[in-house]
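The opening position of the sequence shown corresponds to residue 11 in our numbering, with each subsequent residue numbered one higher.
Ideal Cβ placement from N, Cα and C applies to all residues, glycine included.
These notes concern the structure reproduced below.
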Amino acid sequence: MIRFGAHLVLVLRVLHANEMKDTFKEKIMNLGDHILHMYVMFLFSKQHEELVGIYASQLARHRCIDLFVHMMELRLTIIVHVRYKIFLSAMEYLPFSPGDLVDSDFEKGSFEEIIERVLSRSREVKVGKADMSSNVAEQCQLQSLEKAMVIQWLCFTPPSIINDATRVGSKLLHRALMHM
Numbered sequence: 011m012i013r014f015g016a017h018l019v020l021v022l023r024v025l026h027a028n029e030m031k032d033t034f035k036e037k038i039m040n041l042g043d044h045i046l047h048m049y050v051m052f053l054f055s056k057q058h059e060e061l062v063g064i065y066a067s068q069l070a071r072h073r074c075i076d077l078f079v080h081m082m083e084l085r086l087t088i089i090v091h092v093r094y095k096i097f098l099s100a101m102e103y104l105p106f107s108p109g110d111l112v113d114s115d116f117e118k119g120s121f122e123e124i125i126e127r128v129l130s131r132s133r134e135v136k137v138g139k140a141d142m143s144s145n146v147a148e149q150c151q152l153q154s155l156e157k158a159m160v161i162q163w164l165c166f167t168p169p170s171i172i173n174d175a176t177r178v179g180s181k182l183l184h185r186a187l188m189h190m
């Protein structure tokens, strides 16, 4: 049923995008975003990471970014090929930079914004979880491990089907070196 709802939202957005009044359009977009968000989380929970980009790319910019950041953080310690599926899904369906998609009437989240948020969250100092027996060195080691795992997102090879894949790959590697 949620799949039907998600597809109905996508069809209605295409068919009636120009016909809706602003206040009604905003309400419909919010409701549609909630339905799409639920469907993306359902796909994610069923390990269909390769499909999440199709639907998440149709969300409002801030919701799309928040959703991908959340998914990337949840899959941070999972095996590499699962993380690569999320990476590919974001790279294929989202623009790399915020200004890359100019022909659309709908501003999408970008991969750069997602990765920047993931990187900035990995830099945050996290207080140990109610375990006072762990010392500062152990906490620093755990945070360094998390940073290293976050940097792996930047070391994946972009798919050749995206525009200027070589430039994107070099930008990602440069960003990884800057984050170290």
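For Ser120, no alpha helix (DSSP H) run applies, since DSSP gives it neither H nor E. CA-CA distance, Ile64 to Val79, rounds to 16 Å.
If you keep only unbroken alpha helix (DSSP H) runs of at least 4 residues inside the stretch 35-82, you get 59-66.
Ranked by Cα distance from Tyr94, the first of Ser67, Gln162 and Gly179 is Gln162. Take Gly179, set aside five residues on each side of it, and the residues of its chain with a beta-carbon closer than 7 Å to its own are Thr167 and Pro168, in chain order. Ser154: member of the alpha helix (DSSP H) spanning Val146 to Cys165, first to last residue.
In the three-state scheme derived from DSSP, where H, G and I count as helix and E and B as strand, Phe106 is classed as coil. Collapsing the DSSP output to three states places Ser130 in a helix. Distance from the CA atom of His184 to the CA atom of Glu83, rounded to whole angstroms, is 21 Å. In this chain, Arg85 is not harboured by any alpha helix (DSSP H), its DSSP state being neither H nor E.
Remark: C-beta atoms of Met48 and Ile96 do not approach each other more closely than 7 Å. Between the stretch 120-137 and the stretch 100-110 there are three or more C-beta pairs closer than 8 Å, enough to call the two in contact. In the three-state reduction of the DSSP assignment, Ser180 falls in the helix class. Secondary structure note for Ile172: it is in no alpha helix (DSSP H), with a DSSP letter that is neither H nor E.
With a 10 Å radius around the Cβ and a threshold of 16 neighbouring Cβ atoms, Gly42 comes out buried.
At least 7 Å separates the beta-carbon of Ser130 from that of Glu156. For Ile89, the three-state secondary structure derived from DSSP is coil. In terms of Cβ geometry, Ala66 and Val90 do not form a close pair [threshold 7 Å]. Around Val128, the same chain offers Val79, Met82, Glu83, Val160 and Trp163 as residues with beta carbons nearer than 8 Å, after the five sequence neighbours per side are excluded.
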